[in-house]
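Chains A and B supply the protein sequences, listed in that same order.
Counting in my numbering, the first sequence runs from 6 upward without gaps.
Counting in my numbering, the second sequence runs from 6 upward without gaps.
2 protein chains.
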Amino acid sequence: MNDQGLAQQEPRERLRAVGLRVTAPRIAVLEWLATNPHATAEEIAAGVRERLDSVSTQAIYDVLNACTRARLLRRIEPAGHPARFETRTSDNHHHLVCRMCHRTEDVDCVVGLAPCLEPSSSAGFVLDEAEVVFWGLCPVCAGRPQTESHHIEESA
Amino acid sequence: MNDQGLAQQEPRERLRAVGLRVTAPRIAVLEWLATNPHATAEEIAAGVRERLDSVSTQAIYDVLNACTRARLLRRIEPAGHPARFETRTSDNHHHLVCRMCHRTEDVDCVVGLAPCLEPSSSAGFVLDEAEVVFWGLCPVCAGRPQTESHHIEESA
DNA sequence: TTCGTTATCTTGACTCATTCCAGAAAACCT
DNA sequence: AGGTTTTCTGGAATGAGTCAAGATAACGAA
Numbered sequence: 006m007n008d009q010g011l012a013q014q015e016p017r018e019r020l021r022a023v024g025l026r027v028t029a030p031r032i033a034v035l036e037w038l039a040t041n042p043h044a045t046a047e048e049i050a051a052g053v054r055e056r057l058d059s060v061s062t063q064a065i066y067d068v069l070n071a072c073t074r075a076r077l078l079r080r081i082e083p084a085g086h087p088a089r090f091e092t093r094t095s096d097n098h099h100h101l102v103c104r105m106c107h108r109t110e111d112v113d114c115v116v117g118l119a120p121c122l123e124p125s126s127s128a129g130f131v132l133d134e135a136e137v138v139f140w141g142l143c144p145v146c147a148g149r150p151q152t153e154s155h156h157i158e159e160s161a
Numbered sequence: 006m007n008d009q010g011l012a013q014q015e016p017r018e019r020l021r022a023v024g025l026r027v028t029a030p031r032i033a034v035l036e037w038l039a040t041n042p043h044a045t046a047e048e049i050a051a052g053v054r055e056r057l058d059s060v061s062t063q064a065i066y067d068v069l070n071a072c073t074r075a076r077l078l079r080r081i082e083p084a085g086h087p088a089r090f091e092t093r094t095s096d097n098h099h100h101l102v103c104r105m106c107h108r109t110e111d112v113d114c115v116v117g118l119a120p121c122l123e124p125s126s127s128a129g130f131v132l133d134e135a136e137v138v139f140w141g142l143c144p145v146c147a148g149r150p151q152t153e154s155h156h157i158e159e160s161a
């Protein structure tokens, strides 16, 4: 298990860098998220509990909130579904979200980046972020007959 | 109260057009939303109850869901806060949301409209909507010292 | 290395927005 | 008017997330 050394070192330093204490739950969350982006709090808890024998749900939320506030993580909240987290990349990338299975993928809004950040009128608002979500169906769900519970209304 | 005739007729026809039954709660919700955009279910319930003496909360949600599915209403769900509804459905405008008071305003993404709808790589997704939310502080909140409960972390 | 301070974690209760359910009431087709 | 089917009522339930109080662990100083 020596090749984990580096990966394990990374979160530790990132925590220190933002002045957060280095704890087992935090390291586990950051490490797990590094390889499982866009996970929900519940999924993260499950993943973390596989390597740490016991972590309270509250601890997971605390870790996620603390890291999000410290900008180590980014929280994305697709409408109507639990929040998802990703290890914070400093770039302002956006997301594709499947309406059916909630699968979430990153996209770089190459063309639209600059325009998106400057709405035509800001109505006096002081803006700090432009969040873009592209809604649709993932390849799997697009090729599958719609279930009753998730029909997408097609009526124009 | 005769000058309400037209305003009252409008929702009625819109409901018929999409095959929804015309009921008092539905008309009241649509009418109220026409003059109070970006309202939450709770606010809508309160507004509607001023003219209809009694409407169940469930009815409000049913109306909102039915109308949203039928595209008479558009639901916007700013991360971490209750859903809001608006009657502007046909144009693909975006929103400014105040992180502090949740005030929500419309913006037409003049420049970015087309680019925003075409992410560089769609990863096989079949997209049907691009949702853009500009986060920041509204004029009122921007000029006010931050409360503890809503501090915006400024640490880079 | 041990100690004290303070941040973090545990447990468990709780909130809030929203949905589910079963039956009653109302809308629409004929 | 009559029969269907949709919608509304009332109340219970869900799920995601937070609050609170005390136990525990991290880290800086001695």
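Note that the Cβ used here is the ideal one computed from N, Cα and C, for glycine as well.
Problem set entry | Own chain, CB closer than 8 Å to Cys106 of chain A, minus 5 neighbours either side, in chain order | Cys143, Val145 and Cys146
For this session: Going by DSSP, name the residue or residues bridged to Gly141 of chain A.
Result: A:Cys103 and B:Leu132
Problem set entry | 7 Å Cβ cutoff met for Val131 of chain B and Gly141 of chain A | yes
Problem set entry | Asn97 of chain B versus Ala71 of chain A - alpha carbon distance | 35 Å
Exercise. How many Å lie between Ala46 of chain A and Ala88 of chain A at the Cα?
Worked result: 7 Å
Exercise. Mind checking Gly52 of chain A: buried by the 16 CB within 10 Å criterion, or exposed?
Worked result: buried
Exercise. Helix, strand or coil: which one does DSSP assign to Ala64 of chain B?
Worked result: helix
Problem set entry | Collapsed DSSP secondary structure at Ala88 of chain B in the structure displayed | coil
Problem set entry | Length-filtered (4 minimum) alpha helix (DSSP H) runs lying within the stretch 35-62 of chain A | 46-56
For this session: Can you say whether Glu91 of chain B is buried or exposed, counting buried as having 16 or more other CB atoms within 10 angstroms of its CB?
Result: buried
Exercise. What number of angstroms, rounded off, separates the C-alpha of Ala29 of chain A from the C-alpha of Arg80 of chain A?
Worked result: 21 Å
Exercise. Which residues in chain B sit within 7 Å of Ser127 of chain A, going by Cβ to Cβ distance?
Worked result: Leu101
Problem set entry | Neighbour flag for Gly141 of chain A against chain B, beta carbons, 7 Å | yes
For this session: Return the CA-CA distance between Leu101 of chain B and Leu57 of chain A, expressed in angstroms with no decimal places.
Result: 41 Å
Problem set entry | Inter-residue spacing [alpha-carbon to alpha-carbon] between Ala119 of chain A and Ala22 of chain A | Residue placement at Ala119 of chain A cannot be trusted, given a pLDDT of 44 that sits under 50; the coordinates are not used to answer.
Exercise. Grouping DSSP H, G and I as helix and E and B as strand, with all else coil, what is Thr73 of chain B?
Worked result: helix
For this session: State yes or no: is the beta carbon of Val42 of chain A nearer than 7 Å to at least one beta carbon in chain B?
Result: Before going further, note that residue 42 of chain A is Pro rather than Val in the sequence given. Chain B, which has no Cβ nearer than 7 Å to the Cβ of Pro42 of chain A, makes this no.
Exercise. Any Cβ of chain B within less than 7 Å of the Cβ of Phe130 of chain A?
Worked result: yes
Exercise. If we count the other Cβ atoms within 10 Å of its Cβ and call it buried at 16 or more, is Arg31 of chain B buried or exposed?
Worked result: buried
For this session: Could you list which residues in chain B have their beta carbon closer than 9 Å to that of Pro144 of chain A, in chain order?
Result: Ala128, Gly129, Phe130 and Val131
For this session: State the DSSP-derived secondary structure class of Arg79 of chain B, mapped to helix, strand or coil.
Result: strand
Exercise. Just reading off the beta strand (DSSP E) that Thr109 of chain A is part of, what are its end residues?
Worked result: Thr109 to Val112
For this session: Give a yes or no on whether 7 Å exceeds the smallest Cβ distance from Gly147 of chain A to chain B.
Result: It should be noted that the sequence gives Ala, not Gly, for residue 147 of chain A. Answer yes: the Cβ-Cβ gap between Ala147 of chain A and chain B drops below 7 Å somewhere.
For this session: Show which residues of chain A have a CB atom less than 9 Å away from the CB atom of Val138 of chain B.
Result: Glu134, Ala135, Glu136, Val137 and Val138
Exercise. Quick one: Cα of Phe139 of chain B to Cα of Asp133 of chain A, how far?
Worked result: 8 Å
Exercise. Taking 7 Å as the CB-CB limit, is Ala39 of chain A close to chain B?
Worked result: no
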